[in-house]
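A.B. asks: Pasting in a structure now, in structure tokens, and then I'll have a few things to ask.
Protein chains: 2
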Amino acid sequence: MHSANPKSKTEILKIAIPLFAREGFSGISMRRLADEVGFNAASLYHHFPDKETLYIATIKYAFADKAQRLTEPLTMSAPPRERLKLLITRLCQQTHDDPDFSRLVQREILKGDEKRLELVAKEVFQNMFQGISELCRELGPDYDAHLLTFSIIGLVVYHYQTAPIRLFLPGGKAEHNDPEVVAHHVTALLLHGFRPPAG
Amino acid sequence: MHSANPKSKTEILKIAIPLFAREGFSGISMRRLADEVGFNAASLYHHFPDKETLYIATIKYAFADKAQRLTEPLTMSAPPRERLKLLITRLCQQTHDDPDFSRLVQREILKGDEKRLELVAKEVFQNMFQGISELCRELGPDYDAHLLTFSIIGLVVYHYQTAPIRLFLPGGKAEHNDPEVVAHHVTALLLHGFRPPAG
DNA sequence: TACACTCAACCAAACGTTTGTTTGAGTTTT
DNA sequence: AAAACTCAAACAAACGTTTGGTTGAGTGTA
């Protein structure tokens, strides 16, 4: 009984994720990737027909199951404000722990291929987006739910996106990357705006 | 008095901005850039010693004077809330009108070269950052000014950054890119949090 | 047990193309 | 005439990809 061995395939993808995330599609050659895996460049073509297929497979692999993890805090039964706190905390942890995911999403948006963006939107973000939107309709019924949803995500994602440059600007500290610190800040800002209650 | 003719040089840079912004450094070849300019590839080497120098010149050219325009609304004498509204409105307009600037900043952060990030931070963003930070200390004295400053910028920048994918998510409309709509939304959220006053 | 056979996995070498860059000679401008 | 500018042609290196294998574990037959 012969079956395609998925081990090497996913091992290639695991190594490809940070490479493509940091250097981009045209920034990583097949030889460079093969070197990192410990293969000859030709061996990559045994598992994938060409570079673009390998890249798309890398993205799909990096995005797999992310949708579930992101929607998890939304399914809990708790007061809206508690669900918001939980969501933001989880979002901060996730974004902090897996920066390559954010980078790959960023690069997909920068490339701007509509078909691929539509796929990513529907398969990765749609569930989380709708969950947050419903929460927004409860907590901020006077706002546009679409705008507010992206504001919540943006407050978290943009913060970690700009981490490398924030250290060079006044007041930047390493502890500003602590997910709990960020989550507390974002939650307070969303709930109360510029004038938070004491504590 | 002989000085290098800056005309061709800046014409090259003007054309290089959108190309590098959309495709990245390794995504644009010297031949491709020369074609767009209407030159032979070799001619580029009369104006710039190599590709990297050309790229850095492109960034500097794209970033020039941006610092001034961004700080302009901060110098006005008006109540803090008015200055905030003005700042956010201008930030939305600027980000909307010049998407390539945001893209180049994004790519610089993605690359993560510390020396170049330090340069960009100090020469492009420092003034604006400090101005917003002072405004933050007036409007939201209970917050960390550094975190709050990045929250303000992030609310605007992330919104336009994600424009290409927002259309594929529920509730996305073209009018969500209107700077006035975005400015109104962001200002209300910052001032009041989830529960804005009527109107 | 031994033998022949299959097939996924891997690699060395080479393919044609594209890359960044250089050269040298021509054209335009001053 | 001198300086600034442009180009066709060529360079080595790196690129994505193909070719033609070798290997070793699994399977069926005797």
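Heads up: the sequence lines are chains A and B, in that order. When we follow our numbering, the leftmost residue of the first sequence carries the number 1, and every step to the right adds one. When we follow our numbering, the leftmost residue of the second sequence carries the number 200, and every step to the right adds one. A virtual CB, placed ideally from N, CA and C, is assigned to each residue, including glycine.
Are the C-beta atoms of residue 367/B and some chain A residue less than 8 Å apart?
C.D. replies: Yes, residue 367/B counts as interfacial toward chain A.
A.B. asks: Specify the secondary structure class of residue 80/A as computed by DSSP and reduced to three states.
C.D. replies: Reduced to three states, the DSSP call for residue 80/A is helix.
A.B. asks: Check the Cβ-Cβ distances between residue 262/B and every residue of chain A, and say whether any is below 8 Å.
C.D. replies: No, residue 262/B does not count as interfacial toward chain A.
A.B. asks: Going by CA-CA distance only, name the one from 160/A, 170/A, 144/A, 173/A that's closest to residue 385/B.
C.D. replies: Ranking the options by Cα distance to residue 385/B, first place goes to 144/A.
A.B. asks: Can you pull the chain A neighbours of residue 349/B, defined as C-beta to C-beta under 8 Å?
C.D. replies: Within chain A, the residues near residue 349/B are 158, 159, 162, 166.
A.B. asks: How is residue 53/A classed by DSSP in three states: helix, strand or coil?
C.D. replies: The answer is helix: DSSP assigns residue 53/A an H, G or I state.
A.B. asks: With 7 Å as the C-beta to C-beta threshold (strictly closer), list the residues of the region 97-112 of chain A near chain B in chain order.
C.D. replies: Residues 103, 106, 109, 110, 112.
A.B. asks: What does the Cβ neighbour count give for residue 75/A, buried or exposed, with the cut at 16 atoms within 10 Å?
C.D. replies: So residue 75/A ends up on the exposed side.
A.B. asks: CB-CB under 8 Å to residue 11/A, same chain, minus the five flanking residues each way: which ones, in chain order?
C.D. replies: Closer than 8 Å at the Cβ level, and outside the excluded window around residue 11/A, lie 37.
A.B. asks: Looking at residue 220/B: is its Cβ nearer than 8 Å to the Cβ of residue 302/B?
C.D. replies: Against a cut-off of 8 Å, the Cβ pair of residue 302/B and residue 220/B comes out as a contact.
A.B. asks: Label residue 121/A either buried or exposed according to how many other C-beta atoms from any shown protein chain fall within 10 Å of its C-beta, with 16 as the threshold for buried.
C.D. replies: The residue in question, residue 121/A, is buried, as its Cβ has 16 or more Cβ neighbours within 10 Å.
A.B. asks: The region 116-137 of chain A: which residues have C-beta closer than 8 Å to a C-beta of chain B, in chain order?
C.D. replies: Residues 117, 118, 120, 121, 122, 125, 126, 129, 130, 133.
A.B. asks: Please find out if some non-hydrogen atom of the ligand NAD comes closer than 7 Å to the beta-carbon of residue 339/B.
C.D. replies: Ligands displayed in this structure: none; no statement on the ligand NAD is therefore possible.
A.B. asks: Apply the 10 Å Cβ neighbour rule to residue 358/B and answer buried if 16 or more other Cβ atoms are within range, or exposed otherwise.
C.D. replies: Burial call: buried.
A.B. asks: For residue 246/B, is the classification buried or exposed, using 16 other Cβ atoms within 10 angstroms of its Cβ as the cut-off for buried?
C.D. replies: Burial call: buried.
A.B. asks: Provide the residue span of the alpha helix (DSSP H) that contains residue 394/B, from first to last.
C.D. replies: No alpha helix (DSSP H) contains residue 394/B, which DSSP labels as neither H nor E.
A.B. asks: Taking the alpha-carbon positions, what's the residue 370/B to residue 338/B distance?
C.D. replies: Taking the straight line joining both Cα atoms gives about 31 Å.
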